[in-house]
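S.K.: Add 8 to the 1-based position in the sequence shown for the working numbering, that's all there is to it.
Ideal Cβ placement from N, Cα and C applies to all residues, glycine included.
If you scroll down you'll find the structure; I have some questions about it.
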Amino acid sequence: MSDTSPPGSRGEDSASVGLRVEGVTRKSPTLHDFPYNHPKRKCYHKWIINVAPPGRHNCSHGCVYCYAREAIYARSQPGVLRYYRGLADMVERELDRIRLCPPVSLCNATDPCQPVPPLREETRRLVEMLLSRGASLSVITKGDPGFLLELPWIRDNPRVFVAVTVEGPPEVLSLLSPQAPPFHHRIEILQKVNNSGVSLSVRLDPVFPHLYRALYGESWMEVIEELIALFRSSGARHLIASTGTLTPRAKRRLLQIIQRLSPREARSFASEYLYDREYPSQGFRLTKDLRVGFHRRLRELCESRGLTYSACIELETAVADTPGLPHCEAYPTPFCIKRDDGSFQPLEGCTANCHVNCRDNPRPPCGRPQLAQPAPFKVSWLR
Ligand code: SF4
């Protein structure tokens, strides 16, 4: 598995999404954590691997609220979708250089399961390599991960989960993520993941209450209640939700959409989504009192249906999450330690939520007490 392309070289492929698709070679190492060094960090330590360069044009879903930041070194270009070629080989070389492997997360910007055949092939090779080496792994998508579900080592693997984003019922999806799979397809995806024996969570994320009220009136929470029942019957055991953290551009786009449906809700949206710096990721958020009420109600609805619940980033764990979870994504994704043969095995007693799980423990199971802080890990600590 070697990539013989010179750094920065590009190869063009045909896309099934009406875009020009280009494979590019990544120049910098992939091994990095969330960049947050914030006392209210909620995310556990992860090795975030993106199969496409940063930038909203490198994802075919075109979501209105897109969180994908642009790379400073190469802005994404409208009509051109870039993905990384040869990523599995690159990541494997990085794995060879560490002894302690953080749980891998695919991806936290663009979608690793977009309907772009060469990108999916890169994702497939990468996931196969990571599983064969024994890493913990999560895949976050609103696409169809069916092409991954037949891979060896994925079924019934206690250190793997798939999180599928469903931001709401059909009317909401057609407004927020019209180019991603439609509602009925996303529900089929949930069922497919569940039937394959892979742990499944749903991301009801983001929920914009004003958009829901503009569409469904004051009974909008009943719509969410029905959704939760459907998620549970489709196999989800955990739900994670947010009310969104918006860039100025995303707030403007949302406002236009809500304005067309209900000028009154648009006015409330404009005055109740305010710039907030309280948590690691900053942007326009629903005011805190409304946010707390929303998450507590959702937790009740989830727990009454047999799901666990957590709020993503925008609220402390104690406020509205189901107690006792190892972290906000619920499923165990421990760091893994290298064996003599180069494969990795899970570290017993590790949750990867270092600053919570091992706070004040001078001898954590990994032997690296410096990990137990909200700062991102340093690669030197993993050697
Ligand atoms: S043992 Fe504790 S400090 Fe070490 S990686 Fe796991 S959670 Fe983090």
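1. Looking at the secondary structure, which residues open and close the alpha helix (DSSP H) in which G224 lies?
2. Exposed or buried, what is T295 when buried is set at 16 or more other beta-carbons lying within 10 Å of its beta-carbon?
3. Rounded C-beta distance between V206 and V168? I'm assuming under 8 Å.
4. Excluding the five sequence neighbours on either side, which residues of its own chain have a C-beta within less than 6 Å of the C-beta of C51, listed in chain order?
5. Comparing C-alpha positions only, which one of R49, G26, K35, P37 sits nearest to I321?
6. Report yes or no: do three or more beta-carbon pairs, one from the region 264-276 and one from the region 219-226, lie closer than 8 Å?
7. Taking the beta carbon of K386 as the centre, do at least 16 other beta carbons fall within 10 Å, making it buried, or is it exposed?
8. For C358 versus F343, is the C-beta distance shorter than 8 Å?
9. Locate the alpha helix (DSSP H) running through G301, then write down its first and last residues.
10. According to DSSP, simplified to helix, strand and coil, what is V99?
11. In this structure, does DSSP put Q353 in helix, strand or coil?
12. Can you check the region 68-142 for any alpha helix (DSSP H) of at least 4 residues that lies completely inside it and give the ranges in chain order?
13. Going along the chain, which residues of its own chain have a beta-carbon closer than 8 Å to the beta-carbon of V300, five neighbours each way excluded?
14. Please name the residue or residues paired with K346 in a DSSP beta bridge.
15. Looking at the secondary structure, which residues open and close the beta strand (DSSP E) in which I412 lies?
16. I want to check one thing, is the minimum distance from the CB of P372 to the heavy atoms of the ligand SF4 below 7 Å?
17. Which same chain residues end up closer than 8 Å to R107 when comparing Cβ atoms and leaving out the 5 residues on each side of it in sequence?
18. One question on the structure: do G70 and S84 come within less than 8 Å of each other, judged by their Cβ atoms?
19. Could you work out which residue in P61, K200, L103 is closest to K39 when comparing CA atoms only?
20. Restricting to Cα atoms, I'd like to know which of S241, H218, E308 is closest to Y281.
21. W55 and P111 - do their beta-carbons sit closer together than 8 Å?
22. Rounded to whole angstroms, what is the Cα-Cα separation between A7 and S227?
23. Is it a yes or a no for the region 130-146 touching the region 301-309, going by three-plus beta-carbon pairs under 8 Å?
24. Check whether the Cβ atoms of A338 and H193 lie closer than 8 Å to each other.
25. Would you report the Cα separation of Y283 and L262, rounded to the nearest angstrom?
M.R.: Well, looking at it:
1. A small correction: the amino acid at residue 224 is Tyr; Gly does not occupy that position in the sequence shown. Note, Y224: alpha helix (DSSP H), 217-224.
2. Looking at its Cβ environment, which holds fewer than 16 other Cβ atoms inside 10 Å, T295 is exposed.
3. With 8 Å as the limit, V206 and V168 qualify as a contact, their Cβ atoms being about 6 Å apart.
4. Within the same chain, Cβ atoms closer than 6 Å to the Cβ of C51 are found at F42, the five residues on either side in sequence being excluded.
5. Per the Cα distances, R49.
6. Touching, yes.
7. It is exposed - the Cβ of K386 has fewer than 16 other Cβ atoms within 10 Å.
8. Yes, these two residues count as a Cβ contact at 8 Å.
9. Judged by DSSP secondary structure, G301 falls within the alpha helix (DSSP H) whose first and last residues are 296-312.
10. In this structure, V99 counts as helix in the three-state DSSP scheme.
11. Taken through DSSP and simplified to helix, strand or coil, Q353 comes out as strand.
12. Counting only runs of 4+ residues, the alpha helix (DSSP H) found wholly inside the region 68-142 occupies 95-104, 125-141, in chain order.
13. Same-chain partners within the cutoff: L323, V327, A328.
14. Bridge pairing for K346: F352 [DSSP].
15. Since the first and last residues shown for the chain are 9 and 391, residue 412 lies out of range.
16. Yes - the ligand SF4 has a heavy atom lying nearer than 7 Å to the Cβ of P372.
17. Cβ within range, chain order: I345, K346, L390, R391.
18. The answer is no: Cβ separation not under 8 Å.
19. Note that residue 39 is Leu in the sequence shown, not Lys. The candidate whose alpha carbon is nearest that of L39 is L103.
20. It is H218.
21. A Cβ-Cβ contact shorter than 8 Å links P111 with W55.
22. The first residue shown for the chain is 9 and the last is 391, placing residue 7 beyond what the model contains.
23. By the Cβ rule, the region 130-146 does not count as touching the region 301-309, because fewer than three pairs are nearer than 8 Å.
24. A338 is not a Cβ neighbour of H193, given a cutoff of 8 Å.
25. Between the C-alpha atoms of Y283 and L262 there is a straight-line separation of about 15 Å.
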